[in-house]
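Here the structure is laid out as structure tokens; the discussion comes afterwards.
Numbering (my numbering), first residue to last: 33 to 223.
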């Protein structure tokens, strides 16, 4: 299979779904801690989900309005390695989180982190993929149906979430299987 970008399956809120996404080849699992999100999880949720995983995937804690101390408490309690600031991050926030040994992903338009997310579904960031001294993460509407268009942009990481749901916030094992099958087909076609 031709090289493919890393895959982040985001909005994970179900243990069986998390295990299947890992089995299928997800490189990252995103856990959303944002108030009001239909995909929101708690520390006990994440601890329970991660207990059923092999450890092959890396966990990403996604935060919108939490302060750095709140983020650090949550990340430590869950044993997560990567924090995603899904807002216009400041350089001070990025530096404070890095000092604590975390990899930091930020939304384009704010301070750059170790990875920068270009998310067409988020109104507060830049959406046009660009390169820099960071991993370029492409998000917003990624699905099995439009995968070729996203792969053509050659991101370092593809972030997929909503298209893997049967209803808003309800992850579907059938849809994650469909996505990874489409990914394998597209990469094989490019060999």
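Glycine included, C-beta positions come from ideal geometry on N, C-alpha and C.
Predicted, not measured: the structure shown is a model, and the values here were computed from it.
#1: Looking only at its own chain, which residues have a Cβ that is under 6 Å from the Cβ of residue 142, when we skip the five neighbours before and after it?
#2: Could you work out which residue in 56, 86, 90 is closest to residue 63 when comparing CA atoms only?
#3: When the Cα atoms are used, what is the spatial distance from residue 76 to residue 82?
#4: What would DSSP say about residue 190, mapped onto helix, strand or coil?
#5: Mind checking whether residue 196 and residue 207 have CB atoms under 8 Å apart?
#6: What's the C-alpha gap between residue 33 and residue 79?
#7: Which residue comes first and which comes last in the beta strand (DSSP E) that contains residue 90?
#8: Thinking C-alpha only, which one of 45, 66, 41 is nearest residue 54?
In short, the structure shows the following:
#1: 120, 121
#2: The residue with the shortest Cα to Cα distance from residue 63 is 90.
#3: 10 Å
#4: strand
#5: yes
#6: Confidence at residue 33 is low in this model, with a pLDDT of 39, below 50, so the placement of that residue should be treated as unreliable; the coordinate-derived value is given next. Distance from the CA atom of residue 33 to the CA atom of residue 79, rounded to whole angstroms, is 33 Å.
#7: 90-95
#8: 41
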